[in-house]
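Engineer:
Numbering (my numbering), first residue to last: 278 to 742.
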């Protein structure tokens, strides 16, 4: 059996995975800030985390997975300046600026996120902790950081002193000595270093009207974005835990600061392995909620695209490679998925798993989640001379990791009526006899009955219109 190897951003190397506790894995994924619908670029990160989790489970690990919900404290700059994304969203939607409206909006977009991951066949996390429900843990961590000498108080916030922590920025290979001090003075003259960041904001001055405030040792205020993940991940998984995932955009700021906070609080690493997925690229730019290329899962569904076709598209590229998105390659993924469904729906009940093929698949997925290779193995199996009952069993085995819904095909694929099957057989005979006109007439007859027929190298396949 092949050993699981994963690329660790912390070391910039592919490493054999070794859990802290034998047979168990603590996994944390940065969750959504619920101020808008998740776009498909966001969702790539959760598909990647799902493949990782399924791979761990396939390797017999018991996985405890935590995905946070950020419903407070995430500023538009991803740092310490700008407006809270939640409050900005209320203004965008013309809602009243009050706590009730903010909670209602957060709940709406949280539920939308849950629906999206369900449609993508993403296994739910063991827990989805909300930032607003874990304020006490955040305050406690800030107090510990301050007690250990890594934080200082200003008129507007409690800041983390990045110069005090050895190797601050190592994850992103930052050279903090070369940051321009002039930028610091313009941003906030009380900050000691340009890289210092807020652990806790005070509700004073122009921040006095912030909708969400809690009592703290420093007066009323609210947590910084970075402390949320450090506090919640360690609360539910301990410190250190095994694996932390997220998009590459989190490396230079958010994940760098998560590591710093945890290290300063307990003098221990936050996580042993850091894994990051690349961007989804649309028109040569990464997809973002502030840009024009804002495509949600509902956008795809409204175009009659199966959400799992997008999952298939994500699997066709390695998670550490940028994924170019356009409607043509999404349509190709939908066609490939439909072909898979139709082929498998015509296979008999599962027989025995082909162990040689299973080992090929395991070797590929255990090599830093090489999903493009696993899809190639899948199609090679379909084209092989193996018996169809064994193919069924082996494909179902593959799908424990791929999550393309093969186990639901009988429930989701409409049974083809005998009349349609008979017409298809007649048409195929006419095609073999090169009676093209008569074959086309039967195609039209099939379409009039609500079905369409597609000619493939393996023979005709029938779809419901």
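Cβ coordinates follow ideal geometry from the N, Cα and C atoms, glycine included.
Measuring CA to CA, which of 424, 430, 310, 521 is closest to residue 407?
Structural biologist: In the chain shown, residue 407 corresponds to position 130, counting from 1. When each option's Cα is compared against that of residue 407, the closest is 310.
Engineer: Given residue 649, which residues of its chain have a CB within under 7 Å of its CB, disregarding the five upstream and five downstream residues?
Structural biologist: Taking the first residue of the chain shown as 1, we reach residue 649 at position 372. Around residue 649: 593, 594, 595.
Engineer: Alpha carbon to alpha carbon, how far is residue 690 from residue 337?
Structural biologist: Counting from 1 along the chain shown, the entry for residue 690 is found at position 413. Counting from 1 along the chain shown, the entry for residue 337 is found at position 60. Here residue 690 scores only 46 on pLDDT, less than 50, and its place in the model should not be relied on; the value that follows carries that caveat. C-alpha separation (whole angstroms): 31 Å.
Engineer: What does the alpha-carbon distance come out to for the pair residue 430 and residue 361?
Structural biologist: Indexing the chain shown from 1 puts residue 430 at position 153. Indexing the chain shown from 1 puts residue 361 at position 84. Cα to Cα, the separation comes out at about 21 Å.
Engineer: From what residue to what residue does the beta strand (DSSP E) around residue 499 run?
Structural biologist: Counting from one through the chain shown, the residue named residue 499 turns up at place 222. Per DSSP, residue 499 belongs to the beta strand (DSSP E) from 498-500.
Engineer: Using only alpha-carbon positions, find the residue among 708, 678, 545, 715 that is nearest to residue 732.
Structural biologist: On the chain shown, position 455 is the one that residue 732 refers to. The shortest C-alpha separation from residue 732 is found at 708.
Engineer: Hey, how far is the Cα of residue 372 from the Cα of residue 378?
Structural biologist: For the purposes of this step, residue 372 is taken as the residue at position 95 of the chain shown. For the purposes of this step, residue 378 is taken as the residue at position 101 of the chain shown. Spanning the two alpha carbons is a distance of roughly 7 Å.
Engineer: So the candidates are 303, 299, 629; which of them puts its Cα closest to the Cα of residue 672?
Structural biologist: Counting from one through the chain shown, the residue named residue 672 turns up at place 395. When only C-alpha atoms are compared, the closest one is 629.
Engineer: Rounded to a whole number of angstroms, what is the C-alpha to C-alpha distance between residue 723 and residue 698?
Structural biologist: Residue mapping note: residue 723 aligns to position 446 of the chain shown, counting from 1. Residue mapping note: residue 698 aligns to position 421 of the chain shown, counting from 1. Roughly 9 Å between the two C-alpha positions.
Engineer: Under 9 Å, do residue 668 and residue 631 count as touching if we go by C-beta distance?
Structural biologist: Within the chain shown, residue 668 is the residue found at index 391, counting from 1. Within the chain shown, residue 631 is the residue found at index 354, counting from 1. Against a cut-off of 9 Å, the Cβ pair of residue 631 and residue 668 comes out as a contact.
Engineer: To which residues of the same chain is residue 449 closer than 6 Å at the C-beta, ignoring the five residues directly before and after it?
Structural biologist: For this step, residue 449 is matched to residue 172 along the chain shown. Correct list, in chain order: 528, 529, 533.
Engineer: Does the distance from the CB of residue 586 to the CB of residue 577 come in under 9 Å?
Structural biologist: The residue labelled residue 586 in the question sits at position 309 within the chain shown. The residue labelled residue 577 in the question sits at position 300 within the chain shown. Yes; because the gap between Cβ atoms is below 9 Å, this pair is in contact.
Engineer: Could you tell me the alpha carbon to alpha carbon distance between residue 670 and residue 678, rounded to whole angstroms?
Structural biologist: The sequence position of residue 670 within the chain shown is 393, counting from 1. The sequence position of residue 678 within the chain shown is 401, counting from 1. If you take the alpha carbons of residue 670 and residue 678, they lie about 14 Å apart.
Engineer: Between which two residues does the alpha helix (DSSP H) carrying residue 319 extend?
Structural biologist: By one-based count along the chain shown, residue 319 stands at place 42. Its alpha helix (DSSP H) spans residues 317-335.
Engineer: Exposed or buried, which one is residue 496 when buried takes at least 16 other CB atoms within 10 Å?
Structural biologist: Walking along the chain shown from the start, residue 496 turns up at place 219. So residue 496 counts as exposed.
Engineer: Measuring alpha carbon to alpha carbon, tell me which of 540, 395, 556 ends up nearest residue 526.
Structural biologist: Taking the first residue of the chain shown as position 1, residue 526 is located at position 249. Ranking 540, 395, 556 by Cα distance to residue 526 puts 556 first.
Engineer: Please report the Cβ distance between residue 330 and residue 301, rounded to the nearest whole angstrom; I am assuming they are in contact, meaning their Cβ atoms lie under 8 Å.
Structural biologist: Translated into positions along the chain shown, residue 330 becomes position 53. Translated into positions along the chain shown, residue 301 becomes position 24. Wrong, their Cβ atoms sit about 13 Å apart, outside the cutoff.
Engineer: Under DSSP, the alpha helix (DSSP H) around residue 651 begins and ends at which residues?
Structural biologist: Residue numbering aside, residue 651 sits at position 374 when the chain shown is read from its first letter. Its alpha helix (DSSP H) spans residues 648-660.
Engineer: Would the region 379-394 and the region 310-328 be scored as touching if the rule is three or more Cβ pairs under 8 Å?
Structural biologist: Judged by Cβ distances under 8 Å, the region 379-394 makes contact with the region 310-328, as three or more pairs qualify.
Engineer: Starting from residue 731, follow the beta strand (DSSP E) in both directions and report where the run begins and ends.
Structural biologist: Residue 731 sits at position 454 when you count from the first residue of the chain shown. It spans 728-733 - the beta strand (DSSP E) in which residue 731 sits, taken as one unbroken run.
Engineer: Tell me whether residue 645 is buried or exposed, calling it buried when 16 or more other Cβ atoms sit within 10 Å of its Cβ.
Structural biologist: Numbered from 1 along the chain shown, position 368 holds the residue referred to as residue 645. Flag for residue 645 reads buried.
Engineer: So, under 8 Å CB-CB, residue 681 and residue 597 are touching, yes? Tell me the CB distance rounded to an integer number of Å.
Structural biologist: Working through the chain shown from its first residue, we reach residue 681 at position 404. Working through the chain shown from its first residue, we reach residue 597 at position 320. With 8 Å as the limit, residue 681 and residue 597 do not qualify as a contact, their Cβ atoms being about 21 Å apart.
Engineer: Measuring CA to CA, which of 283, 738, 693, 715 is closest to residue 726?
Structural biologist: Residue 726 sits at position 449 when you count from the first residue of the chain shown. Nearest of 283, 738, 693, 715 to residue 726, Cα basis: 693.
Engineer: Are the beta-carbon atoms of residue 483 and residue 400 separated by less than 9 Å?
Structural biologist: Looking up residue 483 in the chain shown gives position 206. Looking up residue 400 in the chain shown gives position 123. Result no, Cβ atoms of residue 483 and residue 400 do not sit closer than 9 Å.
Engineer: Mapping the DSSP letters down to three states, classify residue 736 as helix, strand or coil.
Structural biologist: As a first step, residue 736 is located in the chain shown; it is residue number 459 there, counting from the start. Residue 736: strand per DSSP, three-state reduction.
Engineer: With DSSP collapsed to three states, give me the class of residue 551.
Structural biologist: On the chain shown, residue 551 is found 274 positions in, with the first residue counted as 1. Residue 551: strand per DSSP, three-state reduction.
Engineer: Going by beta-carbon coordinates alone, are residue 744 and residue 422 separated by less than 9 Å?
Structural biologist: Past the boundaries of the shown model lies residue 744; the chain is included only from 278 to 742, so the question cannot be answered.
Engineer: Could you tell me if residue 432 is buried or exposed, where buried requires 16 or more neighbouring beta carbons within 10 angstroms of its beta carbon?
Structural biologist: The residue you call residue 432 lines up with position 155 of the chain shown. Flag for residue 432 reads exposed.
Engineer: Once you ignore the five residues that flank residue 292 on each side, which residues in its own chain have a CB closer than 7 Å to its CB?
Structural biologist: Locating residue 292 in the chain shown gives position 15, where the first residue counts as 1. Within the same chain, residue 292 has close Cβ partners 282, 283, 285.
Engineer: What are the start and end residues of the alpha helix (DSSP H) that includes residue 414?
Structural biologist: By one-based count along the chain shown, residue 414 stands at place 137. Looking at the DSSP string, the run of the alpha helix (DSSP H) that includes residue 414 is 412-424.
Engineer: Cα separation between residue 674 and residue 392?
Structural biologist: As a first step, residue 674 is located in the chain shown; it is residue number 397 there, counting from the start. As a first step, residue 392 is located in the chain shown; it is residue number 115 there, counting from the start. Computed Cα separation, rounded: 26 Å.
Engineer: Mind checking who residue 430 pairs with in its DSSP beta bridge?
Structural biologist: Locating residue 430 in the chain shown gives position 153, counting from the first residue. Answer is 435.
Engineer: Roughly how far, in whole angstroms, is the beta-carbon of residue 747 from the beta-carbon of residue 499, given that I think they are within contact range, below 8 Å?
Structural biologist: For the chain, the structure presents residues 278 to 742; residue 747 sits outside this window and is missing.
Engineer: For residue 579, count the other beta carbons within 10 Å of its own beta carbon; 16 or more makes it buried, fewer makes it exposed. Which is it?
Structural biologist: As a working mapping, residue 579 is identified with position 302 in the chain shown. Exposed.
Engineer: Which whole-angstrom value is the C-beta distance of residue 581 and residue 738, which I expect to be below 8 Å?
Structural biologist: Reading the chain shown from its first residue, position 304 is the one you call residue 581. Reading the chain shown from its first residue, position 461 is the one you call residue 738. Between residue 738 and residue 581 the Cβ distance is about 18 Å, and since that is not below 8 Å, they are no contact.
Engineer: Per DSSP, which one or two residues make a beta bridge with residue 346?
Structural biologist: Along the chain shown, one-based indexing puts residue 346 at 69. 407, per the DSSP bridge assignment.
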